[in-house]
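These protein sequence lines are chains A and B, in that order. All residue numbers for the first sequence refer to my numbering, where the first residue is 2 and numbers rise by one. All residue numbers for the second sequence refer to my numbering, where the first residue is 2 and numbers rise by one.
There are 2 protein chains.
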Amino acid sequence: MRKIIVLGLAFNMLTLLVQAQVLVSPDKNLSMKFELKEGVPYYQLTYKKKVVLKPGSLGIEVKDAPSFVDGFTLSDTKTATVDTSWNPVWGEQKTIRNHYNELTVTLTQKAQKDRFIRIRFRLFNDGLGFRYEFPMQDNLNYFIIKEEKTQFALSGDNKAFWLPGDYDTQEYSTVTSNLSEVRGKMKAAVTSNASQHTFSPTGVQTPLMMKSKDGLYINIHEAALVDYSSMSLDLDDKNFVLQAHLTPDAIGDKGNMQAPCQSPWRTILVSDRAGDILESKLILNLNEPTKYKDTSWIKPIKYVGVWWEMITGKSQWSYTDLPAVQLGVTDYSKVKPHGKHGANTKHVKEYIDFAALHHLDAVLVEGWNEGWEDWFGKSKDYVFDFVTPYPDFDVKELHRYAASKGIKIIMHHETSGSVRNYERHLDTAYQFMVDNGYNAVKSGYVGNILPRGEYHYGQWMNNHYLYAITKAAEYKIMVNAHEAVRPTGLSRTYPNLLANEAARGTEYESFGGNNADHTTILPFTRLIGGPMDYTPGIFETRVSAYNPTNKSFVHTTLARQLGLYVTMYSPLQMAADLPETYNKFLDAFKFIEDVAVDWDESKALEAEPGDYITIARKAKGTNNWFVGSTCDENGRMSNIDFKFLDKGKKYIATIYADAKDAHYETNPQAYTIRKVEVTSKSKLAQHCAPGGGYAISLIQKK
Amino acid sequence: MRKIIVLGLAFNMLTLLVQAQVLVSPDKNLSMKFELKEGVPYYQLTYKKKVVLKPGSLGIEVKDAPSFVDGFTLSDTKTATVDTSWNPVWGEQKTIRNHYNELTVTLTQKAQKDRFIRIRFRLFNDGLGFRYEFPMQDNLNYFIIKEEKTQFALSGDNKAFWLPGDYDTQEYSTVTSNLSEVRGKMKAAVTSNASQHTFSPTGVQTPLMMKSKDGLYINIHEAALVDYSSMSLDLDDKNFVLQAHLTPDAIGDKGNMQAPCQSPWRTILVSDRAGDILESKLILNLNEPTKYKDTSWIKPIKYVGVWWEMITGKSQWSYTDLPAVQLGVTDYSKVKPHGKHGANTKHVKEYIDFAALHHLDAVLVEGWNEGWEDWFGKSKDYVFDFVTPYPDFDVKELHRYAASKGIKIIMHHETSGSVRNYERHLDTAYQFMVDNGYNAVKSGYVGNILPRGEYHYGQWMNNHYLYAITKAAEYKIMVNAHEAVRPTGLSRTYPNLLANEAARGTEYESFGGNNADHTTILPFTRLIGGPMDYTPGIFETRVSAYNPTNKSFVHTTLARQLGLYVTMYSPLQMAADLPETYNKFLDAFKFIEDVAVDWDESKALEAEPGDYITIARKAKGTNNWFVGSTCDENGRMSNIDFKFLDKGKKYIATIYADAKDAHYETNPQAYTIRKVEVTSKSKLAQHCAPGGGYAISLIQKK
């Protein structure tokens, strides 16, 4: 059901003389004021009369030509209201309401032969989005962006959950601090990475989550990042103004543009309720509907994989110990394998058997193809061909075996950042997938980008990621892109983009460990733009159990791992541990088997960034619900009700929780499972261990 | 018939203690001495006891790791002699003799765990070639070249024919001067270009042609440029030492290498006879034989084209006057054409008719496809799709029409330097060619390269050019690449690479004019590495005759244009002028109709770089010969004999020559045609006008 009310009002000349324009949200809680002061555009934002953003300037600096920063007059304004709804192909909600008030200002530069741009503002009940538009006109054609001059003038020294601003990686541990402390904490925050490039002692990334001193939850990000450079934020820590900072190309330019064109939407989510931030659909609503005519081939996936055993060091991606190889020259049949190659036919069949037994969908296999001996850190151009398996990985036999069990194998395309090489092989690689029964691929961009000088988050690479996704759609292939740009809601337009990584995931638990509160932050930061392939489900938290030389441990209780399947939304969910471990905890694993990956409804029951999150979701097409909770290193008592259940119905709740004495460090595997009958009137007070949580399946009784 | 004598001699330990190694050419005229002095490798060269190169050092500087420049001991030497012959798929000779003495030195760096490299020297009768080799070994794997440290230590202030060293263009006018004058003449020499990047006030390009004070002709270039950066030369004009200077990538590195690998051959041609330089096959001999199993689809081409009319400005590549377009969005059927689009169906048919009437092979058509409105200077990424014609160019109809007349259309792929875009479309573009009867493509790389920061002659782009050529071979397509790297003999290995531009061609006559002696230099410089698509055959030298606003004129007589078909060797030869002009001079055009494009024998009858060149060639598979001559702005009397003709046979010589009063500036179209019977005993004294020359066809009488 679509209900659209569009009010188009053309302001008369008197109004244009008033250079300030006010836009309010449908519920009137948010108010945005746009203003030209001495030819410079400013905007400001309040929520329930509290200042969210003080006046901040807008504009685009142009290279070798007049900029779009000043000399403006307001030549036109238009307003509209939109109230529609739409159904995503997959998601947290069956139906999403798109309800906003819009203001579009046309700004003309008389001194540039009446060259004009537009800024479009959309004010939702839970936030603001705005973008720059460069319409086709005689006086505007090609231009190069030197820097975007958007300001976010914060009300004060907000508490922030931030990552160091970087052109190449988001794999830093989130720092929780006041903005005034960013400068002092930056050095320690910039831990080493295969590919990284910071740009400022006070630079931070988006999504940026904040909490103001007067209790407002504020999140800054962008939506619909297409044919543009990714935005980071440079903090002026005297005045607490965040300046947009785009990612440069190899020669220092920040965007090659051809009118008509537009910037992505800059988004500011605001609420006095933390759960509103988690539940916001603003970013999806700002993205274009999909043009894919057929989306029936796009389906959420629950999977296991030959992966964690390599991450921990139990086995290897590579087949031999050769120091280097040359594809098409090195004859692997003549080389003695080291015997620790994880992706071999027999072993993959074990995973297929496990997946089939437990009603999962797929098995990811990394390390199946020639080239892993020297894939990393060599800036190697022709590093993989994406079609040639190692001698012990039988493509056709595994396709046959998996298909006979109703299981898919997930393809793996590690590009090593060698992107020209990947594009050269892309059609062949996708066709190979189609020919051999694969319909989903995990791609990776580990290491510095080739062409050298480009960054992971520049316009050049953003163009590539989308190219890989749209080409995949031609082959009806779903994509899970790691080390790619963090998402900005593009899955609405390109629903075969199931997930990204673009943050520290579970793998970092094996590289030294994530903070115990990591998963109480990520949904407020990384997940705001789109799903993350977080790959939870680790039941054996001591990595040394798999690889005695690796002393890392996963900073979690087992019960919290189950909760993550609900709190970390993704249409692509991995049960990341090894089958041999799951077989020791099949009662707990039952939750993973049962939990849905696609939802009709989602609600945040409790939430405080950095402390705890409890989410409830209704499994798509059913009357069943699932609840998950995660907390920080302090542990807590979670108090929830079940008002979201159908009234007058009974449900069997199976509660997977931390034992009384569980602790993520000392006693992670102590969990309890109990079944209780609940109704919409029930309440629950549930103990959560330090670094713990819980999971509940709620199956409606007939 | 192949005759191979290989003598492998292993030197004993006593010899190794003698650190100097001497290599002589088969005829003993050339002598190369290799020596280690304090761990640094040096080489020097003499010809008939005259110094060609004084001792110059060798080595490779490595980034962030120990270099290959010193600390060497000579750990092994090997010598060999090779005397074979081979037949090229097309060329100036039916059979090419490959005869050299070889010395390979193994140099070990004890301080680097006995890491070793090899330098292989091949000494032919007409010059030296050497290259660095990096064999597979435990202590050598991936390395980045910071700079190649090869020196060419000249004997003195040689006269040189030089172009400013540049990472992006060779389209400069050759400067003739002593090396000591390079610095002073550089500024004026660096004329403006769509894409250029000089690197030194005394940097020059290769092929570099020189003449020493003691009368030696010396040429420095490289052979087999594969997976490496192009070499320029930086002149130390105090000591007259040329230092190798490689082309950097976007971040300043000069080569990403993985052992086993090698550098290209550095080549020094030497003779006291200028014609030997022109006749040398050294560079081809240093290239690998072709691996193509079937080469029957590769055939030399004589063609006309819808091209000169656009170069002169008589018509346009574009279809409309739109300031910018978006492929797939701009609807050309709704836009009013400007009416000056050259590549329209009717007009192309006129060229096809002309080609068929005069027994040519093909018609090149530029401007046939959507996108020409804003193709240039915009750094546009998605600039062409290579498959969508303008509304007035009927692909299928023209294919049918051309085929019915036995004519091919030559495809045109202007990339505008947007190379990722070209590679994305390459398979589709080549398949489109196959589907529509095209078997040859002229490609272009006008403007700065995308990915931005890369240069036309860097390793990245050299990789691309070869990728386009080898992929073309999969589709049985021949390639004529303009603005690409200058050739280095790769046509032996990849014989579908018919020609390149990589120098100022005839088009520059319309951009202000070339020097009158330009074509007396190019065969000594540009053509040393491979054929040039020079596109001669201009009969109407006043460009204003086509476009009254363009006052340029072609610095040539008409007769000299005919001579160029012989003096400017290429398997791809254009009759560049307009059919309507040729129709006024059909008697002269007869030479172009008759001249061959493939040869069994070639001889330089007279030659002095910068002054004159006269060449005789025997048409492949016939008993007929063709002679061509070109001279500088002074004019001259050419004196040749016909000893190359079969003894005792008679030939009808048709001599196309300058009239007595012809002059490239004032009276270019004054020519004479006379027929004479000649034998091998005949002689000819032929007047050549300033900027003039002549052409002779010699048809053996039955």
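Here a beta-carbon is modelled for each residue, glycine too, at the ideal position from N, C-alpha and C.
If we ignore side chains and look at the alpha-carbon of each, how far apart do residue i and residue j end up?
i	j	result
residue 267 (chain B)	residue 450 (chain B)	26 angstroms
residue 689 (chain A)	residue 661 (chain A)	8 angstroms
residue 58 (chain B)	residue 119 (chain B)	14 angstroms
residue 87 (chain A)	residue 93 (chain A)	13 angstroms
residue 462 (chain B)	residue 148 (chain B)	18 angstroms
residue 108 (chain A)	residue 378 (chain B)	28 angstroms
residue 1 (chain A)	residue 395 (chain A)	Within the shown structure, residues of chain A are numbered from 2 to 703, placing residue 1 (chain A) beyond reach of any answer.
residue 205 (chain B)	residue 393 (chain B)	45 angstroms
residue 649 (chain A)	residue 703 (chain A)	12 angstroms
residue 191 (chain A)	residue 545 (chain A)	26 angstroms
residue 659 (chain A)	residue 686 (chain A)	13 angstroms
residue 364 (chain A)	residue 508 (chain A)	17 angstroms
residue 84 (chain A)	residue 98 (chain A)	7 angstroms
residue 580 (chain B)	residue 644 (chain B)	37 angstroms
residue 81 (chain A)	residue 228 (chain A)	27 angstroms
residue 277 (chain A)	residue 52 (chain A)	18 angstroms
So, is the C-beta of residue i closer than 8 angstroms to a C-beta in chain B?
i	result
residue 257 (chain A)	yes
residue 340 (chain A)	no
residue 143 (chain A)	yes
I want to see whether chain A comes within less than 8 angstroms of residue i, judged by CB atoms only; does it?
i	result
residue 461 (chain B)	yes
residue 65 (chain B)	no
residue 454 (chain B)	yes
residue 324 (chain B)	yes
residue 250 (chain B)	yes
residue 35 (chain B)	no
Take residue i and list the residues in its own chain whose beta-carbon comes closer than 8 angstroms to its own, dropping the five residues that flank it on each side.
i	result
residue 179 (chain A)	158, 159, 160 and 161
residue 339 (chain B)	317, 319, 320, 321 and 322
Can you give me the Cβ contacts of residue i inside the same chain, cut-off strictly under 7 angstroms, excluding the 5 residues immediately before and after it?
i	result
residue 700 (chain B)	625, 652 and 653
residue 184 (chain A)	202, 203 and 238
residue 383 (chain A)	328 and 422
residue 133 (chain B)	61, 118, 120, 263 and 264
Since residue i sits in a beta bridge, which residues does DSSP pair it with?
i	result
residue 652 (chain B)	B:679 and B:701
residue 634 (chain B)	Answer by DSSP bridge pairing: none, since residue 634 (chain B) is not bridged.
residue 267 (chain A)	A:131 and A:223
residue 642 (chain A)	A:684
residue 390 (chain B)	B:370
residue 156 (chain A)	Looking at the DSSP assignment, residue 156 (chain A) forms no beta bridge with any residue, so it has no partner.
Please return the same chain residues whose Cβ sits closer than 6 angstroms to the Cβ of residue i, not counting the five positions on each side in sequence.
i	result
residue 259 (chain B)	143
residue 211 (chain B)	159, 161 and 219
residue 262 (chain A)	135
residue 598 (chain B)	301, 303, 572 and 574
Checklist entry - For the segment 371–405 of chain B, which residues have a CB atom closer than 8 angstroms to at least one CB atom of chain A, in sequence order? => result 375, 379, 380, 381 and 382
Checklist entry - In chain order, what residues of the segment 412–435 of chain B put their CB closer than 8 angstroms to some CB of chain A? => result Of all residues in the segment 412–435 of chain B, 421, 424, 425 and 428 have a Cβ within less than 8 angstroms of some Cβ in chain A.
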